[in-house]
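**Q** This is the structure I want to talk about, given as structure tokens.
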Amino acid sequence: MATKVLSAIKAVFLANANNEMQKKVEALLPSECSLSKVEYEGPDVVIYLKNLASFYKDENLIRKIAGTLRKRVLIRSDPSSLLDAEKAKEKIKEIVPEEAGITDITFFPQFCEVAIDSLKPGLVIGKGGSTLKEIIFQTGWAPKILRTPTMPSSTVSGIRKSMHKNSDVRKKFLNSLGKTISSLPDAKADWVKVTALGGFHEVGRMCIFVQTPNDKILIDCGVNPETNEGPKAFPYLASMGITLDQIDAVVLSHAHLDHSGFIPYLYKYGYDGPVYCTPPTRDLMALLQFDYIKVLSKGDTPAPYETKHVRKMLDHVVVRDYEDVTDITPEIKLTFHNAGHILGSAMVHLHIGEGLHNLVYTGDLKYGFTKLFDPANAAFPRVETIFLESTYGGRKDIQPVRQEAERKLMEAITKTLARKGKVLVPVFAVGRSQEVMLVLEEYAQRNPDFNVPVYIDGMVLEASAIHTAYPEFLRQSVQRRVLSNNSPFESKIFEPVKQKREEIVDGDPCVILAPSG
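Sequential numbering from 12 applies to the sequence shown in my numbering.
And the structure:
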């Protein structure tokens, strides 16, 4: 009985909150904008208008509304104002310069959005967003600009196709999630409890359970890279004392399997909530999880989930960029900060309650120099508790100077090649392999005589292709090269493995970057 009463109270609160939000928007909007409706879509608020031209006359209007609502605000046309999709497609091609290199145009009528895939998104956006506005005014569709990777990526294209195919499912999910986030908390949070479910005093199966009187959040949910069997293979989820469908949200720091590898299992057994991560993390996570299933299928131990559970997870992913402040429950705000570890890796900052507590989980982080990424950004406005990665954190864990490590690597490689040998470099498919690729490519540029092939595995190639879809997450020097069609990942020294491995081993001197599996 008490539960029914509480649900009824929440429903009334939500209806009142929606009405209140609509009134706030109406008060700020010029009447000629013709407000159609306001709705929650995940952590965002979407405003539908019948006259977008009037709205965009005031460039500060969206800032005023976002500041008043304290939410990220999206502006879209009322469905009745949308140009027919085929006509809109032709109009977009007329408006956007050919040099932008549009590779695909996909319409999402459920969201009144059009996704425009382009090799040069800046030309689709235009100076000061002028081209985007022209698309909006002439078609009514809200453009969503996506960068086409400079290298073909089956992962990126597959995820984008899946988003389109399952857009009905995502729309329903995001609307439901938005209502949950905006609902009335049962009581004001006055305590925070953190439980280690894996990854503490060990490597792998990283998982943290953050709990308040109202909220239940998982940060990371990984597998143990050393074993697929027994009690130490996966996080101790049973110790939470709740069913998986009671979890409010999963927050993911980065894509490596020791942090992300067990998330699809949650969807297999009842969880249907969001996974928050950065855009590159979503793509790399899917790549590694699909490969994890494939590798285990060749052995005696089956994977703890199937490909359909990875796809279900992808339908529930909510991506956020660094520094975006996002409500993930009525009382918890999430902000990602660059961790400098791999593409899209993030430190997790949770602001809990109205100033009750600020918690930071670093995930895997890197303060030192790398060729790929800027160092970790720890400029948090406020922190009371921090969970810090301690890999190589012992008193005797002194790492060699970066330049010296690179010199020794290239010295070992060149000596081996001079003896007509072959160099096998074990690497992770994501992260270490791309860093080594940049070291080799830079050496080849400085030493033209270094013209031996560097063979790269399909997983390394695919992960590198994903890097070219997100140059804004790379160090500026690498970003510039990708944007100017001079990507280091596409150097002529790199050759994808097409022939049998035995042929490479029996062939001429070479370098082989070999991930596990």
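Ideal Cβ placement from N, Cα and C applies to all residues, glycine included.
Quantities reported herein were computed from a predicted structural model and do not represent experimental measurements.
#1: As a quick exercise: from L295, Q149 and S193, pick the residue whose alpha carbon is nearest that of P54.
#2: Once DSSP output is grouped into helix, strand and coil, what is the label at M9?
#3: Can you tell me where the alpha helix (DSSP H) with L298 in it begins and where it stops?
#4: So, for Q33: in the same chain, excluding its five sequence neighbours on each side, which residues have a beta-carbon less than 7 Å away from its beta-carbon?
#5: Do D302 and V167 have their C-beta atoms closer together than 8 Å?
#6: Please state whether the Cβ-Cβ distance between E446 and K407 is less than 8 Å.
#7: Specify whether the region 105-113 and the region 63-75 touch according to this definition: at least 3 beta carbon pairs, one from each stretch, less than 8 Å apart.
#8: Along the chain, where does the beta strand (DSSP E) containing A153 start, and where does it finish?
#9: Could you check where the beta strand (DSSP E) with A357 kicks off and where it finishes?
#10: Looking at C-alpha atoms only, which residue of G140, G151, N177 and I136 is the closest neighbour of L157?
#11: Does DSSP classify H327 as helix, strand or coil?
#12: Check Y278 in the structure and name its three-state DSSP category.
#13: Could you tell me which of P437, V336, V438 and A357 sits nearest to I363, measuring between CA atoms?
#14: Between the beta-carbon of L435 and the beta-carbon of A525, is there less than 8 Å?
#15: Decide if the region 241-250 is in contact with the region 213-224; the criterion is three or more beta carbon pairs, one per stretch, under 8 Å apart.
#16: Does DSSP classify L85 as helix, strand or coil?
#17: For a quick check, are the C-beta atoms of P290 and V330 less than 8 Å apart?
#18: For Y316, collect the residues of the same chain with a Cβ closer than 7 Å to its Cβ; drop the 5 residues on either side in sequence, then sort them by chain order.
#19: Report the rounded CA-to-CA distance for S165 versus E473, giving the unit in angstroms.
#20: Counting along the chain, where does the beta strand (DSSP E) carrying S475 start and finish?
#21: Which residues mark the beginning and the end of the alpha helix (DSSP H) in which N186 is found?
#22: Per DSSP, which residues does T206 bridge with? Please list them.
#23: Quick one: grab the DSSP three-state call for F500.
#24: Alpha carbon to alpha carbon, how far is I20 from A200?
#25: Can you tell me which of the three DSSP states Y372 falls into?
#26: Looking at N349 and A390, is the spacing between their C-beta atoms short of 8 Å?
#27: Rounded to whole angstroms, what is the Cα-Cα separation between G252 and P313?
#28: Can you find the residues in the same chain that come closer than 8 Å, C-beta to C-beta, to L93, ignoring five residues on each side of it along the sequence?
#29: Specify the secondary structure class of L17 as computed by DSSP and reduced to three states.
#30: If contact is defined by three or more beta carbon pairs under 8 Å, each pair taking one atom from either stretch, is the region 184-191 in contact with the region 225-235?
#31: Might you give, ordered along the chain, the residues of its own chain that have their beta carbon closer than 6 Å to the beta carbon of M174, omitting 5 neighbours on each side?
#32: So, with DSSP's three-state summary, where would you put Y454?
#33: Taking the straight line between their C-alpha atoms, what separation do you get for E70 and K377?
#34: Compute the beta-carbon to beta-carbon distance between T318 and I304, rounded to the nearest angstrom, for a pair I have assumed lies under 8 Å.
#35: For the structure I just gave you, are there three or more beta carbon pairs, one from the region 477-492 and one from the region 421-436, closer than 8 Å?
#36: Just the Cα atoms here: how many angstroms apart are P163 and K102?
**A** In this structure, then:
#1: As a working mapping, residue 54 is identified with position 43 in the sequence shown. Taking only the C-alpha atoms, the option nearest P54 is S193.
#2: Because the chain here runs from 12 to 528, residue 9 falls outside it and cannot be looked at.
#3: The count along the sequence shown starts at 1 and reaches residue 298 at position 287. First-last of the alpha helix (DSSP H) with L298: P290 to S308.
#4: If you number the sequence shown from 1, residue 33 lands on position 22. The answer, listed in chain order, is V49.
#5: The sequence position of residue 302 within the sequence shown is 291, counting from 1. The sequence position of residue 167 within the sequence shown is 156, counting from 1. No, these two residues do not count as a Cβ contact at 8 Å.
#6: Along the sequence shown, read from residue 1 onward, the residue named residue 446 stands at position 435. Along the sequence shown, read from residue 1 onward, the residue named residue 407 stands at position 396. K407 sits away from E446, with the two beta carbons spaced by 8 Å or more.
#7: Because the criterion of three Cβ pairs below 8 Å is not met, the region 105-113 and the region 63-75 do not touch.
#8: Taking the first residue of the sequence shown as position 1, residue 153 is located at position 142. Counting along the chain, the beta strand (DSSP E) containing A153 begins and ends at A153 to R158.
#9: As a position in the sequence shown, residue 357 is number 346, starting the count at 1. A357 to I363 is the span of the beta strand (DSSP E), which, as asked, contains A357.
#10: On the sequence shown, position 146 is the one that residue 157 refers to. The residue among G140, G151, N177 and I136 with its C-alpha nearest the C-alpha of L157 is I136.
#11: Start at 1 with the first residue of the sequence shown, and residue 327 comes out as number 316. DSSP, read as helix, strand or coil, puts H327 in coil.
#12: For the purposes of this step, residue 278 is taken as residue 267 along the sequence shown, with counting starting at 1. Helix, per DSSP.
#13: As a working mapping, residue 363 is identified with position 352 in the sequence shown. It is V336.
#14: If you number the sequence shown from 1, residue 435 lands on position 424. If you number the sequence shown from 1, residue 525 lands on position 514. Taking 8 Å as the Cβ cut-off, L435 and A525 qualify as a contacting pair.
#15: Yes, the region 241-250 touches the region 213-224.
#16: Counting from 1 along the sequence shown, the entry for residue 85 is found at position 74. DSSP places L85 within a strand segment (E or B) once states are collapsed to three.
#17: For this step, residue 290 is matched to residue 279 along the sequence shown. For this step, residue 330 is matched to residue 319 along the sequence shown. Against a cut-off of 8 Å, the Cβ pair of V330 and P290 comes out as a contact.
#18: By one-based count along the sequence shown, residue 316 stands at place 305. Within the same chain, Y316 has close Cβ partners P275, Y276 and K279.
#19: Your numbering for residue 165 matches position 154 in the sequence shown. Your numbering for residue 473 matches position 462 in the sequence shown. Each residue's alpha carbon lies about 8 Å from the other.
#20: As a position in the sequence shown, residue 475 is number 464, starting the count at 1. Looking at the DSSP string, S475 is not in any beta strand (DSSP E); the run it does join, the alpha helix (DSSP H), is G469 to A480.
#21: In the sequence shown, residue 186 corresponds to position 175, counting from 1. Counting along the chain, the alpha helix (DSSP H) containing N186 begins and ends at S178 to I192.
#22: The count along the sequence shown starts at 1 and reaches residue 206 at position 195. Its beta-bridge partners are F220.
#23: Your numbering for residue 500 matches position 489 in the sequence shown. Correct three-state label for F500: helix.
#24: Residue numbering aside, residue 20 sits at position 9 when the sequence shown is read from its first letter. Residue numbering aside, residue 200 sits at position 189 when the sequence shown is read from its first letter. Since pLDDT at I20 reaches only 49, below the 50 mark, its modelled position is unreliable, and no value is offered.
#25: Here residue 372 corresponds to residue number 361 of the sequence shown, with the count starting at 1. Y372 falls in the strand class under three-state DSSP.
#26: Position 379 of the sequence shown holds residue 390. Position 338 of the sequence shown holds residue 349. Result no, Cβ atoms of A390 and N349 do not sit closer than 8 Å.
#27: In the sequence shown, the residue the question calls residue 252 occupies position 241. In the sequence shown, the residue the question calls residue 313 occupies position 302. Between the alpha carbons of G252 and P313 lies a gap of roughly 26 Å.
#28: Residue mapping note: residue 93 aligns to position 82 of the sequence shown, counting from 1. The residues A99, P120, C123, T150, G151 and W152, in chain order, have a CB closer than 8 Å to that of L93 in the same chain once the five nearest residues on each side in sequence are set aside.
#29: Taking the sequence shown and counting its residues from 1, one reaches residue 17 at position 6. Residue placement at L17 cannot be trusted, given a pLDDT of 48 that sits under 50; what the coordinates show is reported in the next sentence. The answer is helix: DSSP assigns L17 an H, G or I state.
#30: Contact between the region 225-235 and the region 184-191 is absent, because fewer than three Cβ pairs lie under 8 Å.
#31: Taking the first residue of the sequence shown as 1, we reach residue 174 at position 163. Once the five neighbours on either side are set aside, M174 has no close Cβ partner at all.
#32: Position 443 of the sequence shown holds residue 454. Here Y454 sits in helix by DSSP.
#33: Stepping through the sequence shown from its first residue, residue 70 is reached at position 59. Stepping through the sequence shown from its first residue, residue 377 is reached at position 366. Going from the Cα of E70 to the Cα of K377 covers about 39 Å.
#34: Within the sequence shown, residue 318 is the residue found at index 307, counting from 1. Within the sequence shown, residue 304 is the residue found at index 293, counting from 1. Right, their Cβ atoms sit about 6 Å apart.
#35: Between the region 477-492 and the region 421-436, the count of C-beta pairs closer than 8 Å stays below three; the two stretches do not touch.
#36: Numbered from its first residue, the sequence shown carries residue 163 at position 152. Numbered from its first residue, the sequence shown carries residue 102 at position 91. Answer to the nearest angstrom: the Cα atoms are 27 Å apart.
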